[in-house]
Amino acid sequence: MSELLELFSEFGTVETDVPLSKMTTLRIGGCASYVVYPENTLGLDALMHVILERGIPYKVIGKGSNLLCSDRRFDGVIIRLDRFDDFFFMNDALVAQAGCSIIALSYQAMKNGLSGLEFASGIPATVGGVTFMNAGAYRSSVSEIIDGVFIYRDGRYEWLDNKDCRFGYRSSIFQSHPDWIIVAVRFLLKKSEVNEIRELMDSRRERRMKSQPLNMPSAGSVFRNPDDIPAWKLIEGIGYRGRRIGDAMVSDKHVNFIVNAGNARAEDFLELVNEIKDQVEEKYHVRLHMEVERFNW
Ligand SMILES: Cc1cc2nc3c(=O)[nH]c(=O)nc-3n(C[C@H](O)[C@H](O)[C@H](O)COP(=O)(O)OP(=O)(O)OC[C@H]3O[C@@H](n4cnc5c(N)ncnc54)[C@H](O)[C@@H]3O)c2cc1C
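Counting with numbering that gives the first Met the number 0, you get residues 0 to 296 for the letters of the sequence shown.
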């Protein structure tokens with residue numbers, strides 16, 4: 000057993016040579032040398048000491064639902080906080096560890112008669128991932144219900160207030176500090192009727208099922224919406240519905256989704272993205288920006 004493998008195994012579960020295609024919803028990506036699932040906050044702290052001391056590249060990932068990983072090997076450590084899945088309710092607050100599924104939490108909140116997470120009940124993501132992205136839907140975003148974020152940075156744990164997180168449209172301070180790790184989040188919810196919450200969640204789910212290609216691997220919306228026009232209208236306008244490069248294909252159900260229609264390569268996906276950007280710019284003089292994050296290029 001290699002020295003690193005032996006060392007990492009002290010802090011949690013370790014896997015070696017794991018394809019990122021197995022850890023992302025797009026099902027694209029080369030092998031990662033190590034995937035570590037720290038057992039708890041002490042394990043994470045010990046792991047980070049080793050990683051930082053030795054200058055090993057690392058990346059925390061949640062459900063990998065916003066990532067386009069290259070097909071190259073990642074010679075580093077992927078940290079997964081799947082073991083950080085505890086949560087508790089305290090009056091109207093919900094405190095959840097970063098590895099919790101936001102879909103599962105939205106159902107728990109509903110059962111407790113707490114409203115605020117309905118919009119997130121169809122986002123296939125973790126608490127860490129939605130906070131990093133300030134994910135949102137139906138004119139709501141997660142920053143509106145975040146009271147505080149518990150993070151690990153520079154070798155210590157601390158709480159940040161909502162305003163410290165500098166949330167904006169699909170953005171947060173965490174995007175400019177990829178070395179920080181989101182460990183837990185405190186949400187402030189509102190008391191409401193269970194049936195009302197359930198109805199809203201059901202209608203949201205129906206809307207998603209009608210409008211999104213949920214039966215195919217994707218990373219959700221590929222492009223951020225420009226200020227005055229939704230990205231899908233621009234993509235529709237250049238006639239790209241169903242356009243395909245290799246197995247990367249603009250969904251014919253939702254044109255801001257690019258799906259993996261088989262064994263898409265990362266390069267195919269990116270080539271299609273770049274074509275769309277260029278065509279949209281030529282026709283509408285608007286430059287689209289990716290919402291999906293490129294990793295390990
Ligand atoms: C079918 C589908 C529907 C979607 N619908 C929506 C939607 O309605 N609204 C929306 O906003 N998005 C949507 N998305 C996109 C995606 O789910 C979000 O961007 C989500 O926030 C990503 O969460 P994740 O846990 O999968 O994070 P990942 O994709 O694993 O990671 C995203 C980024 O967050 C960072 N990160 C993750 N966890 C941590 C942590 N604990 N600490 C520090 N950094 C961390 C990663 O390093 C990475 O940079 C959708 C995606 C799919 C596939």
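All C-beta atoms, glycine included, are put in the ideal place defined by N, C-alpha and C.
The structure presented is a predicted model; accordingly, all values stated were derived computationally and were not measured.
For ligand 1, I want to know if residue i counts as a neighbour, meaning its beta carbon is within less than 8 Å of at least one of the ligand's heavy atoms.
| i | result |
| --- | --- |
| W179 | yes |
| F86 | no |
| A136 | yes |
| M132 | yes |
| T23 | yes |
| N194 | no |
| V94 | no |
| A103 | no |
| K252 | no |
| V17 | no |
| T12 | no |
| R169 | yes |
| G121 | yes |
| S298 | Summary: the structure shown does not reach residue 298, with the chain confined to residues 0 through 296, and so no result is reported for it. |
| F268 | no |
| T125 | yes |
| V182 | yes |
| A97 | yes |
| I228 | no |
Just the C-alpha distance for residue i and residue j, rounded to the nearest angstrom, thanks.
| i | j | result |
| --- | --- | --- |
| K252 | D44 | 44 Å |
| S142 | S1 | 42 Å |
| F268 | K62 | 19 Å |
| M109 | E198 | 10 Å |
| L213 | R207 | 8 Å |
| N111 | G29 | 41 Å |
| C68 | N194 | 40 Å |
| D84 | G238 | 43 Å |
| I27 | F256 | 15 Å |
| Q211 | A263 | 19 Å |
| G11 | E5 | 11 Å |
| Y151 | F131 | 13 Å |
| G241 | W179 | 38 Å |
Using DSSP bridges, identify the partner residues of residue i.
| i | result |
| --- | --- |
| F222 | M289 |
| G154 | BP columns for G154 are empty, so no partner. |
| S100 | T125 |
| T15 | Y33 |
| C298 | Within the shown structure, residues of the chain are numbered from 0 to 296, placing residue 298 beyond reach of any answer. |
| S139 | A136 |
| G147 | D160, R185 |
| S314 | A query on residue 314 cannot be resolved here, the shown segment of the chain reaching from 0 to 296 and no further. |
If you count every other CB in all the chains shown that lies within 10 Å of the CB of residue i, and 16 or more means buried, which is it?
| i | result |
| --- | --- |
| V76 | buried |
| Y33 | buried |
| Y36 | buried |
| F87 | exposed |
| Y57 | buried |
| V182 | buried |
| M200 | buried |
| N90 | exposed |
| L51 | exposed |
| N39 | exposed |
| S175 | exposed |
Please state whether the Cβ-Cβ distance between residue i and residue j is less than 9 Å.
| i | j | result |
| --- | --- | --- |
| L66 | L93 | no |
| T23 | I60 | yes |
| L41 | A31 | no |
| V258 | M215 | yes |
| E266 | V221 | no |
| L80 | Q96 | yes |
| K189 | L113 | yes |
| R165 | G135 | no |
| N133 | G98 | no |
| G154 | H284 | no |
| G121 | I102 | yes |
| A247 | E281 | no |
| R185 | V148 | yes |
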